[in-house]
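Asks: One structure follows; several queries about it will come next.
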Amino acid sequence: MKITELEIEDEMIHQQAAELLMTASADTAPRAWPDLQSAIVEVQESFGPGKISLVALDRQRVVGWVGAIRQYGGHTWELHPLVVNRNFRRRGIGRALVDAAQSRVLEHGAMTLWVTADDAVGSTSLWGQDLYPDPLHHLQEIRNLNGHPFQFYQKLGFALIGVLPDANGLGKPDIFLAKRVRTIT
Ligand SMILES: CC(C)(COP(=O)(O)OP(=O)(O)OC[C@H]1O[C@@H](n2cnc3c(N)ncnc32)[C@H](O)[C@@H]1OP(=O)(O)O)[C@@H](O)C(=O)NCCC(=O)NCCS
């Protein structure tokens, strides 16, 4: 497995990355990329200034993809999207992709890497709840019910930093995590 830049002219790899995004996110974010065309648009938008786009290749086949977007004047970058082929999960590819993205944003002078992780399908204890009037209390008590990625990010050193109640409709929150990527001296 190797991690490499998603090249702007490599249309076959674009197609594979789009297919991966559409199929791999179908269970966690079913409405995000409902068809191949919307996933291809996401791939095409992952290039350009202030963007990082990396793929994990297994024998020239895309098995993972991570993007990162420059924000807050470059102090902070958002990971988006991150997907690993179902058949290749729990083998360290997600971690390797995030590590690679982290190295790149560090080269660009970043301080913080952050990510938003929806729960639109009932993967955590926050789903289906009225999180007001104290969303952060609910966040402190969060439990993983069905493989939600927040614990994946925690294993990579991210901290839970917030929750947006009802972000995807009533009882379907978005969960925010962040990590300081630069060593403070
Ligand atoms: C989340 C995702 C990218 C993880 O990729 P992966 O290649 O399986 O992750 P890794 O194998 O690198 O896992 C790194 C660590 O996190 C753990 N981990 C992975 N997924 C996890 C999950 N859903 N819940 C809890 N822990 C998880 C692994 O066990 C491993 O732990 P270890 O270091 O103690 O062995 C992958 O499951 C995926 O593509 N999911 C669908 C899309 C998605 O949810 N993307 C994130 C959107 S915010």
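For the sequence shown, counting from 1, position 163 maps to 156 in our numbering; every step adds exactly one.
Beta carbons: idealized from backbone N, C-alpha and C, even for Gly.
#1: Give every residue of the same chain whose Cβ lies closer than 6 Å to the Cβ of R97, excluding the five residues on either side of it in the sequence, and list them in chain order.
#2: Compare the Cα-Cα distances from G60 to each of R54, R52, V48 and report the closest residue.
#3: Within 6 Å: the Cβ of G87 and any heavy atom of ligand 1?
#4: What are the uninterrupted segments assigned as alpha helix (DSSP H) that are 4 or more residues long and contained completely in the region 46 to 121, given in chain order?
#5: Quick check on E(-2): does DSSP put it in helix, strand or coil?
#6: Alpha carbon to alpha carbon, what distance is there between R79 and G67?
#7: Tell me the residue span of the beta strand (DSSP E) that contains I168.
#8: Give the range of the alpha helix (DSSP H) segment to which I6 is assigned.
#9: From which residue to which residue does the alpha helix (DSSP H) around I177 run?
#10: What is the residue span of the beta strand (DSSP E) that L124 lies within?
#11: Residues in the same chain with beta-carbon distance under 6 Å from N139, minus the five sequence neighbours each way, listed in chain order, please.
#12: Could you say which of M15, P42, A94, V174 lies nearest to V179 if we only look at CA atoms?
#13: Measuring only the C-alpha atoms, how far is P166 from S18?
Replies: In short, the structure shows the following:
#1: The residues are I45.
#2: The shortest Cα separation from G60 among R54, R52, V48 belongs to V48.
#3: For ligand 1, at least one heavy atom lies less than 6 Å from the Cβ of G87.
#4: 86 to 100, all fully within the region 46 to 121.
#5: Of the three classes helix, strand and coil, the one that applies to E(-2) here is strand, per DSSP.
#6: Cα-Cα distance, rounded: 32 Å.
#7: I168 -> beta strand (DSSP E) spans 167 to 173.
#8: In the DSSP annotation of this structure, the continuous segment of the alpha helix (DSSP H) that includes I6 starts and ends at 4 to 17.
#9: Per DSSP, I177 lies in no alpha helix (DSSP H) segment and is marked neither H nor E.
#10: No beta strand (DSSP E) holds L124; DSSP gives it neither H nor E.
#11: Contacts found: S116.
#12: Nothing can be reported for residue 179, as the shown portion of the chain is limited to -6 through 178.
#13: A straight-line Cα-Cα distance of about 17 Å links P166 and S18.
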